[in-house]
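A short write-up of the structure that comes next.
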Amino acid sequence: MSGTGWAWLAIGLYVVLGFAIALAARRHVGVGMSDFFLADRRVGGVISALTYSATTYSAFMLVGLAGLSYTGGVGALGFEMTYLCGLFLAVFFLPRFWLAGRRYGYITPMDLLADRYQSKAVGAVAALLALVFLVPYSAAQLLGIGLLLSGMSGGGIPVLAGILVATLLAIAWSRIAGLRSIAWTDAFQAVVMMVSAVLLLTLIVSELGGLKEFLSRFETEHAQLLTVPSGSGLWGINMFVGLALPWFFFSISNPQVSQRFFIPASVKAMRQMMGGFLVFGFFYTLIAVLWGFGARMLVPGLSNADMATPTLLAMSFVPKALALVAMIGIVAAAVSTIDSILLTLSSVWARDIYRGILNPRATEARELRMGQWVIPVMAVVALVFAWQASSKSGLDFMIAPLSAAASAGLLMVVPSIFGAFFWKRATAAASVASIVSGAALVLILQVTGAKPLGWWPGVWGLVLCTVVFVAVSFVTRAPTAKAEEFLGYLSEKLSSGKHV
Amino acid sequence: MITKSRFAWGWLCGLLIADIVFPWYVLSGQASFAGAFLFWVVWIIIAIASMFVFFLRWRE
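Protein chains in written order, with the working numbering: chain A, 1224 to 1723; chain B, 760 to 819.
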């Protein structure tokens, strides 16, 4: 059988297993928005941890981060570990989201903001922010799959075919049973991601003479990559902060992730979700960085670092079966991120834009149907975006710029989230003004490529939206009664639950 | 309650300051795995351990 044939066979097996799991999840489906989009807030700790992990870690890790490690060295480790440290924010926000979600029935993080600030406009603006920045991010994942499959099959699988397969899977697995099918398939995919990454790293290390020899040789041959800024000067402080800042706030700024804060069945499940994700994240990050270091030694001189992983997988010492498992692991990482984003965006569309603004009298059944029907629409938009991007400049076009732009844009909701939970004086007008002004600045800086004082768009955007948020809050009227009731309830519950 | 919360925020700020100061200013001349690489591995283990300390206390 040809390489293309084996690749299709591996994809076929992955698809069949995924569908079996998604269809099994369908047996548990109930009715209503909460059931479809949040699995009725009754997800166990292990599944919560695995779906959180699979949603968070996309194709970026073993392609983009491995590429960053390949080019810039240890700074990539610091950047991704800083992201993981950002989970410290969940120590404060996870119990708050979870408690508020149960008491007030929130479906999306924007729903929470709209109610807390007593303004549908806040929910709609935050929803539009997510739509603007997450569709290109999904497209980047789709394109990554297309290029990976095309690269590994020597062009036997066209880029568009890979994009189409991933799009159809994301639509199907999110439509079949909503969050239930996504959480279950995510759990399966998280296992595939970790197992394939460990197996391939083991092979790479073995090819380089064992762990001790690998580390020793890397230290001798690429010592400049073990400091920051590296020999190439890639990891200056401005770049590090510019990349790491949006990712540090990822757990509260990205709705497909913060929406997961609503789903654990109990406090015990919340603890398991946190602990499980932290352990997964630590090892997956370490593997991705060492993978990049290994690629630097085995396939030096690549002009495009994002090709390090596909090139490595095509090397003769990698058994075909293992290369296929690794390929499926990366596809799983991307699909598990895309389908979660699609589901979140559809819930955001249905709750915060359709019911929040367009048709406030809509029944829950109609709202749910709107959400379900918009899933393929969002997927097609992402597909078209990915297809357009594929004709430009390949991986160089997608991984870093689109991921950075998405996370920097979504960062603009952070002051509003802090205000909602920690500042009675915060107002709806301040929230809208800070999101709009910050997002506009980020878009302008991203499009023009400008970095005043060397600071990245996300840094400037966060400074501006924070200043605007505080200033406008002082000159506009806060929803005092709601703030008192909301924060009073949380304060009481947090005290009795020993939260900080 | 307030003291514990403030301690948690302060601890997080301390972690972030160390995240910049050690790799760029203290260990910038240490071109080996015993430099920034080891720092970030130990640093995140400490951060994760401290998160465990906080969230393992959560009760229903």
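Note that beta-carbon positions come from the ideal geometry of N, C-alpha and C, so glycine has one too.
Interface flag, residue i vs chain B, CB-CB below 8 Å
| i | result |
| --- | --- |
| Ser1397 of chain A | no |
| Gln1412 of chain A | no |
| Met1304 of chain A | yes |
| Gln1217 of chain A | The question about residue 1217 of chain A has no answer here: the residues shown for chain A are numbered 1224 through 1723. |
| Leu1634 of chain A | no |
| Ala1488 of chain A | no |
| Cys1688 of chain A | no |
| Ile1475 of chain A | no |
| Leu1618 of chain A | Caution is warranted here: a pLDDT of 43 is assigned to Leu1618 of chain A, below 50, making its placement in the model unreliable, and the coordinate value is therefore given only provisionally. Judged by the 8 Å Cβ criterion, Leu1618 of chain A is not in contact with chain B. |
| Arg1494 of chain A | yes |
| Pro1318 of chain A | yes |
| Lys1164 of chain A | Absent from the structure is residue 1164 of chain A, since the part of chain A shown begins at 1224 and ends at 1723. |
| Thr1450 of chain A | yes |
| Phe1311 of chain A | yes |
| Val1428 of chain A | no |
| Ala1446 of chain A | yes |
| Ile1270 of chain A | no |
| Val1297 of chain A | yes |
| Val1266 of chain A | no |
| Glu1442 of chain A | yes |
| Val1480 of chain A | no |
| Val1571 of chain A | no |
| Met1538 of chain A | no |
| Leu1713 of chain A | no |
| Gly1456 of chain A | no |
| Val1637 of chain A | no |
| Leu1685 of chain A | no |
| Met1417 of chain A | no |
| Ile1510 of chain A | no |
| Gly1301 of chain A | yes |
| Leu1354 of chain A | no |
| Val1382 of chain A | no |
| Met1497 of chain A | yes |
| Ile1460 of chain A | yes |
Buried versus exposed call for residue i [16 or more other C-beta atoms within 10 Å across all chains shown]
| i | result |
| --- | --- |
| Arg1574 of chain A | buried |
| Arg1339 of chain A | buried |
| Arg1483 of chain A | buried |
| Met1304 of chain A | buried |
| Arg818 of chain B | exposed |
| Met1530 of chain A | buried |
| Leu1618 of chain A | Low confidence applies to Leu1618 of chain A: its pLDDT is 43, below 50, so where it sits in the model is not reliable enough to give any reading. |
| Leu1352 of chain A | buried |
| Asn1477 of chain A | buried |
| Ser1559 of chain A | buried |
| Ser1225 of chain A | exposed |
| Val1314 of chain A | buried |
| Leu1596 of chain A | Before going further, note that residue 1596 of chain A is Trp rather than Leu in the sequence given. It counts as exposed. |
| Tyr1329 of chain A | buried |
| Arg1403 of chain A | buried |
| Ile776 of chain B | exposed |
| Phe1697 of chain A | exposed |
| Glu1732 of chain A | Since the first and last residues shown for chain A are 1224 and 1723, residue 1732 of chain A lies out of range. |
Residues that DSSP places opposite residue i in a beta bridge
| i | result |
| --- | --- |
| Val1266 of chain A | A:Pro1487 |
Cβ of residue i within 8 Å of any chain A Cβ
| i | result |
| --- | --- |
| Ala806 of chain B | yes |
| Ile779 of chain B | yes |
| Gly769 of chain B | no |
| Gly773 of chain B | no |
| Val776 of chain B | According to the sequence as given, residue 776 of chain B is Ile; it is not Val. It does not: the Cβ of Ile776 of chain B has no partner Cβ on chain A nearer than 8 Å. |
beta-carbon residue i near the ligand NAP non-hydrogen atom, thresh 7 Å
| i | result |
| --- | --- |
| Ala1653 of chain A | The ligand NAP is not among the ligands present in this structure, which contains no ligands whatsoever. |
Minimum C-alpha distance to residue i - residue among the options
| i | options | result |
| --- | --- | --- |
| Ala1233 of chain A | A:Ala1549, A:Gly1517 and A:Ala1662 | A:Ala1549 |
| Phe813 of chain B | A:Ala1662, A:Val1670 and A:Leu1310 | A:Leu1310 |
| Ser1397 of chain A | A:Pro1359, A:Met1497, A:Phe1259 and A:Phe1473 | A:Phe1259 |
| Gly1515 of chain A | A:Val1571, A:Gly1401, A:Ala1694 and A:Gly1298 | A:Gly1298 |
| Ala1363 of chain A | A:Ile1460, A:Ser1614 and A:Ser1657 | A:Ser1614 |
| Ser1714 of chain A | A:Phe1644, A:Ala1546 and A:Ser1474 | A:Phe1644 |
| Pro1523 of chain A | A:Gly1324, A:Glu1444 and A:Val1345 | A:Glu1444 |
| Ser1563 of chain A | A:Leu1685, A:Val1691, A:Glu1708 and A:Thr1274 | A:Thr1274 |
| Ala1602 of chain A | A:Cys1308, A:Ser1569, A:Gly1632 and A:Ala1612 | A:Ser1569 |
| Trp1572 of chain A | A:Lys1343, A:Tyr1293, A:Gly1228 and A:Val1266 | A:Lys1343 |
| Phe1242 of chain A | A:Leu1312, A:Ala1395 and A:Val1388 | A:Ala1395 |
| Gly1456 of chain A | A:Gly1295, A:Ile1598 and A:Arg1494 | A:Gly1295 |
| Ser1419 of chain A | A:Ala1544, A:Phe1316 and A:Leu1312 | A:Ala1544 |
### Task
Could you tell me which uninterrupted alpha helix (DSSP H) segments, each at least 4 residues in length, are contained entirely in the stretch 1251 to 1319 of chain A, listed from first to last along the chain?
Listed in chain order, the complete alpha helix (DSSP H) runs (minimum 4 residues) inside the stretch 1251 to 1319 of chain A are 1256 to 1261, 1268 to 1279, 1289 to 1295 and 1298 to 1308.
### Message
Please give the ranges of any beta strand (DSSP E) in the stretch 1567 to 1651 of chain A, keeping only runs that are unbroken, at least 3 residues long and fully inside the region.
### Response
Listed in chain order, there is nothing to give.
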